[in-house]
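Enquirer:
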Amino acid sequence: MDLGLKCTLIAVAQLIIILYLASNIQAFIIANIYVIWAFISLSLIVASIILESPIAALTETFSAILSLLTVKKVLSICLMFTPEYKLAMLMMNIDNIVGNPVTYAITFSAFIASYYSWSLILKRGDIVIDRIKDLKISIKGFQKTLLAKSFIIIAIASLITLVKPMGFYEEIVYILGVIFSLSLLVLKGHKISRNLYAIASWISLPYAMFKGVATESMVEEEKAIEGVKIGRIVSRLVYGKPANVWLKEKLHIPKSPSWYWRVESGTYTYNPYSQINYHILIAGSSGTGKSSLAKKLIKELYYQWAIPCLVIDPHNEYVKVIEELGGIVVDASKISINPLELDECS
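Listed below in structure tokens is the structure:
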């Protein structure tokens, strides 16, 4: 599951809980809005830990808050057919949440707390900053038909604003959410069917912004590469500044570059003709498959490139592999040399 889908699910969950809390606020108990503010701040901090990114948590929380305007639009349409007191009260409570500057002040305060907190995120950094470079956004091949269809989506959103219109600024906020989401979806090359998600305005923004941002660095392998597929990559030893790396323990980030393990994913393929370093170290505890991997390398190197191997085997583990390849097995006990018996002179 990539970051975009995670952000969308959390934003929807936040929106549902905020609506539930808002529907239970009585008009004469103003103090209950503090419960919603407390939930927003706490959920943002928790989301920053789950998403491994305070920036992503801020984006999806901000989107959940502004999505209340879309909900208000739906409620206003529902009131046309089923006028109920509870729906009207919920709309008024939504106005108190979205239109109150304290809501946004608390949101940004929680963001700062989640970003700089040692106790909750252990100074792990922000995965979005480290992974945002992997996003593929290009305007190459941008078709006029796609642009025309995008304008159609914006036109549909504009027509929606004419149905039981809300306040002017509320409709503008809705349209801006549609434009931002649609622009990101188009630039990232999504199909026109997926671009329809932009109609949902701000609730689709986390998906549009972070779709394609992997929670780990992906090691892309060329399709034409040949070699021995050894297994899945868990991490890679790299040289640089270990900033924006999500770690399980505290790390005092050095000012100068250093060697560290960077979490990555992908499949590692060993090709002796394309490797910068031919050497391989296989390490692990007993029973983890060190010998099995070594046997696999011996056979694959011989089958693919006819590369022979010299195996020093004190425990007779590789005899069957060498015989399978038609190699020569030398028993050291039968060809040992006793220097005291040379030429029967000693």
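Each residue of the sequence shown is one higher than the last, beginning at 764 in my numbering. A virtual CB, placed ideally from N, CA and C, is assigned to each residue, including glycine.
Considering just the uninterrupted stretch of the alpha helix (DSSP H) at T771, what are its terminal residues?
Expert: Here the alpha helix (DSSP H) through T771 covers 766-786.
Enquirer: Buried or exposed, going by whether 16 or more other CB atoms sit within 10 Å of the CB of P864?
Expert: P864 should be labelled exposed.
Enquirer: Expressed to the nearest angstrom, what Euclidean distance is found between the alpha-carbon atoms of V1093 and N1040?
Expert: Cα-Cα distance, rounded: 30 Å.
Enquirer: State the Cα-Cα distance for the pair F802 and Y1023, rounded to the nearest angstrom.
Expert: About 37 Å.
Enquirer: Please go through the same chain and pick out, in chain order, the residues whose beta-carbon is closer than 7 Å to the beta-carbon of K992, but skip the five residues on each side of it.
Expert: Counting only Cβ-Cβ distances below 7 Å, and skipping sequence neighbours, we find T1030, T1032.
Enquirer: Quick one: using the 10 Å Cβ neighbour count with 16 as the cut-off for buried, is Y783 buried or exposed?
Expert: Flag for Y783 reads exposed.
Enquirer: Taking C-alpha atoms, which residue in S1055, S921, I780, Y1036 lies nearest to I1045?
Expert: When only C-alpha atoms are compared, the closest one is S1055.
Enquirer: When burial is assigned at 16 or more other CB atoms within 10 Å of the CB, is W965 buried or exposed?
Expert: Its Cβ being crowded by 16 or more others within 10 Å, W965 is buried.
Enquirer: Is G1030 helix, strand or coil by DSSP?
Expert: First, the amino acid is wrong: residue 1030 is Thr here, not Gly. Correct three-state label for T1030: strand.
Enquirer: Given this structure, state the Cα-to-Cα distance separating L1064 from S1049, to the nearest angstrom.
Expert: Each residue's Cα considered, the two are about 25 Å apart.
Enquirer: Just how far apart, CA to CA, sit I1100 and G1003?
Expert: Approximately 52 Å between the Cα atoms of the pair.
Enquirer: A1000 by DSSP, collapsed to three states: which one?
Expert: Correcting the residue identity first, residue 1000 is Leu in this sequence and not Ala. Note: L1000 maps to strand in three-state DSSP.
Enquirer: Provide the residue span of the beta strand (DSSP E) that contains V1093, from first to last.
Expert: Unbroken run through V1093: none, as it is neither H nor E.
Enquirer: Less than 9 Å between the beta carbons of I1061 and V1084, yes or no?
Expert: Cβ atoms of I1061 and V1084: closer than 9 Å.
Enquirer: Alpha carbon to alpha carbon, how far is S1021 from C1072? Give it in angstroms, no decimals.
Expert: Rounded to the nearest angstrom, the two C-alpha atoms are 35 Å apart.
Enquirer: With I828 as the anchor, note down where its beta strand (DSSP E) starts and where it stops.
Expert: Per DSSP, I828 belongs to no beta strand (DSSP E); it is in the alpha helix (DSSP H), 817-844.
Enquirer: Look at the alpha carbon of I935 and the alpha carbon of I996, and state the distance between them as a whole number of angstroms.
Expert: Distance between the alpha carbons of I935 and I996 is about 47 Å.
Enquirer: What's the C-alpha gap between K1097 and R999?
Expert: Near 44 Å, if we compare the C-alpha coordinates of R999 and K1097.
Enquirer: Taking the beta carbon of G1047 as the centre, do at least 16 other beta carbons fall within 10 Å, making it buried, or is it exposed?
Expert: Burial call: exposed.
Enquirer: Taking Cβ to Cβ, would you say M929 is nearer than 9 Å to C770?
Expert: No.
Enquirer: Excluding the five sequence neighbours on either side, which residues of its own chain have a C-beta within less than 7 Å of the C-beta of F943, listed in chain order?
Expert: Counting only Cβ-Cβ distances below 7 Å, and skipping sequence neighbours, we find L968.
Enquirer: Measuring straight from C-alpha to C-alpha, what distance separates G990 and K1058?
Expert: Distance between the alpha carbons of G990 and K1058: 15 Å.
Enquirer: On the CB-based measure, 16 or more other CB atoms within 10 Å of its CB, does I1075 come out buried or exposed?
Expert: It is exposed - the Cβ of I1075 has fewer than 16 other Cβ atoms within 10 Å.
Enquirer: Going by C-alpha to C-alpha distance, which of L1103, H1078, I1070 sits closest to L1088?
Expert: The candidate whose alpha carbon is nearest that of L1088 is I1070.
Enquirer: In the DSSP assignment, what are the bridge partners of S1021?
Expert: Looking at the DSSP assignment, S1021 forms a beta bridge with G1003.
Enquirer: Keeping to the same chain, check which residues put their C-beta closer than 6 Å to that of W800; ignore five residues upstream and five downstream.
Expert: Here the set comprises I869.
Enquirer: For the alpha helix (DSSP H) containing I1045, name the first residue and the last one.
Expert: Where I1045 is concerned, there is no enclosing alpha helix (DSSP H), given that its DSSP letter is neither H nor E.
Enquirer: Are the beta-carbon atoms of E933 and L832 separated by less than 9 Å?
Expert: Contact flag set, yes.
Enquirer: Ordered along the chain, which non-local residues of its own chain (more than five positions away) have a Cβ less than 6 Å from that of P846?
Expert: No residues qualify anywhere along the chain.
Enquirer: Any beta carbon of chain B sitting closer than 9 Å to that of I812?
Expert: No chain B appears in this structure, which consists of one protein chain only.
Enquirer: Considering only the alpha carbon of each residue, which of A920, F931, Y878 lies closest to V809?
Expert: Closest option to V809, Cα to Cα, is Y878.
Enquirer: Can you round the beta-carbon distance between S786 and K849 to whole angstroms, since I take them to be within the 8 Å contact cut?
Expert: Confirmed, Cβ separation roughly 7 Å.
Enquirer: Thinking C-beta only, is I818 closer than 9 Å to I773?
Expert: Not in contact: I773 and I818 (Cβ atoms no closer than 9 Å).
Enquirer: Let me check one thing: in DSSP terms, what residues is K1083 bridge-paired to?
Expert: Bridge partners of K1083: none, in fact.
Enquirer: Taking I813 as part of the alpha helix (DSSP H), name the residues at either end of that continuous run.
Expert: Element bounds for I813: 796-813.
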